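**Q**
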Amino acid sequence: MHVHPAFSNAPPEYTLSNCQGRKRALLIGINYIGTENELKGCINDVHNIKEFLTELYGFKEEDMVILTDHQEDEKFLPTRANIINGMQWLVDDAQENDSFFLHFSGHGGRVRDESGDEFDGFDETIYPLDFKDYEGDSGQLIDDDMHDLVVRPLPAGCRLTAIFDSCHSGTALDLPYVYSTQGEIKEDNLFKFASRSIFNAGLRFVTDGDREAAIDSIKELGHQLKDARDVLEQNRRTNSSPADVIMLSGCKDYQTSADAQEEGQSTGAMSHAFTTTLRENPDQSYHELLNNLREILGEHYSQRPQLSSSHPIDVEMKFTC
Numbered sequence: 001m002h003v004h005p006a007f008s009n010a011p012p013e014y015t016l017s018n019c020q021g022r023k024r025a026l027l028i029g030i031n032y033i034g035t036e037n038e039l040k041g042c043i044n045d046v047h048n049i050k051e052f053l054t055e056l057y058g059f060k061e062e063d064m065v066i067l068t069d070h071q072e073d074e075k076f077l078p079t080r081a082n083i084i085n086g087m088q089w090l091v092d093d094a095q096e097n098d099s100f101f102l103h104f105s106g107h108g109g110r111v112r113d114e115s116g117d118e119f120d121g122f123d124e125t126i127y128p129l130d131f132k133d134y135e136g137d138s139g140q141l142i143d144d145d146m147h148d149l150v151v152r153p154l155p156a157g158c159r160l161t162a163i164f165d166s167c168h169s170g171t172a173l174d175l176p177y178v179y180s181t182q183g184e185i186k187e188d189n190l191f192k193f194a195s196r197s198i199f200n201a202g203l204r205f206v207t208d209g210d211r212e213a214a215i216d217s218i219k220e221l222g223h224q225l226k227d228a229r230d231v232l233e234q235n236r237r238t239n240s241s242p243a244d245v246i247m248l249s250g251c252k253d254y255q256t257s258a259d260a261q262e263e264g265q266s267t268g269a270m271s272h273a274f275t276t277t278l279r280e281n282p283d284q285s286y287h288e289l290l291n292n293l294r295e296i297l298g299e300h301y302s303q304r305p306q307l308s309s310s311h312p313i314d315v316e317m318k319f320t321c
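Under the UniProt record's numbering, the sequence shown has 192 at position 192, and the numbering climbs by one with no breaks.
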């Protein structure tokens, strides 16, 4: 019997992929050419990631689908429909020990959460090339839908590595386990949130002498913490997966990711940092990789890369894909 790790002290057991089966990659880069929101580095990111995968991890170009907005063939433009088709192709007939790779470089956003599964009240999104052709926000792809497309179909022992180099991408695949730079699973900052709220309530009492308001604030905090805990536990019940889905994203959900200039080339800051640190030292654990990404980006940018997974992982195991 499998006992969910959120409710048991027993160590969870999962079959890890050895990444020696089939390899596929879906690489998406959107510069939004000719628009007021044009980016410069996303197409370059795709080319750099393609070379990185073929040179270091044994991926073959014929097993990749590349969607960029400078191609003439409409089948390979990063429209909403083509992205969805590409995601379905990526995970089709997935088997144990397969290794898939998903990379997105482009605009990301946030929309109001309608399903109640987000701690902060917002779904994270990506913007396809043709998002303006749809009514309202419906042209965006939300994290719930991307989770259903590329996480839920995967069997145990299948690896999906995802890199999202876009704004608000921290939980772009709705993976329920997020890791700190100490290698520990975060609890959605519940305790940090609680400490700040209790401090504010105490400060109100000290400065205003308003004991009743302070007590009301602490009661309200209790309700908010219960709601947050309910959301966290719901996410772990519904979004955990026996597959090895591991995502590195360019920033936290409330942050933006930079379009940068590195070594004379336009590039996404996260994509460049990812390939640079692993080319310099391919023998890194996920814990080391997260901290190295934080260090590289911290030299010039405020964004803080995130590591998340579909089930608890040993972050000291070596990165591979």
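C-beta atoms are modelled at their ideal positions from N, C-alpha and C, and glycine is treated no differently. Here the structure is a predicted model, which means the values were calculated and not measured.
Can you list, in chain order, the residues of its chain with a C-beta nearer than 7 angstroms to that of VAL65? Leave out the 5 residues immediately preceding and following it.
**A** Cβ within range, chain order: LEU26, GLY86, TRP89.
**Q** For a test of the three-state rule: what should DSSP assign to SER105, helix, strand or coil?
**A** Of the three classes helix, strand and coil, the one that applies to SER105 here is strand, per DSSP.
**Q** Could you pull out every residue in the same chain whose Cβ sits closer than 6 angstroms to the Cβ of PHE59, ignoring the five residues on either side in sequence?
**A** Excluding residues within five positions, the ones whose Cβ falls inside 6 angstroms are LYS23, ALA25, LEU53.
**Q** For ASP143, which option in LEU149, CYS158, GLU124 has the closest C-alpha, if you only look at C-alpha atoms?
**A** Comparing Cα-Cα distances from ASP143 to each of LEU149, CYS158, GLU124, the minimum goes to GLU124.
**Q** Can you say whether GLY157 is buried or exposed, counting buried as having 16 or more other CB atoms within 10 angstroms of its CB?
**A** By the 10 Å Cβ count, GLY157 comes out buried.
**Q** Does ASN292 pass the burial test, meaning 16 or more other C-beta atoms within 10 Å, or should it be called exposed?
**A** With 16 or more Cβ atoms within 10 Å of its Cβ, ASN292 is classed as buried.
**Q** GLY298 to LYS186, Cα distance in whole Å?
**A** For GLY298 and LYS186, the distance between alpha carbons rounds to 21 angstroms.
**Q** Which stretch, first to last residue, makes up the alpha helix (DSSP H) that contains LYS50?
**A** Looking at the DSSP string, the run of the alpha helix (DSSP H) that includes LYS50 is 42-56.
**Q** Look at the alpha carbon of GLY41 and the alpha carbon of CYS167, and state the distance between them as a whole number of angstroms.
**A** So the alpha carbons of these two residues sit roughly 14 angstroms apart.
**Q** Is the region 267-277 close to the region 29-49, with three or more CB pairs under 8 angstroms?
**A** Yes, they touch.
**Q** Per DSSP, what are the beta-bridge partners of ARG24 in this structure?
**A** Answer is PHE100, bridged to ARG24.
**Q** Which residue's Cα is closest to the Cα of LEU141: ASP314, ASN97, ALA81?
**A** Closest by alpha carbon: ALA81.
**Q** For the alpha helix (DSSP H) containing ARG80, list its first residue and its last residue.
**A** Start and end: 80-91.
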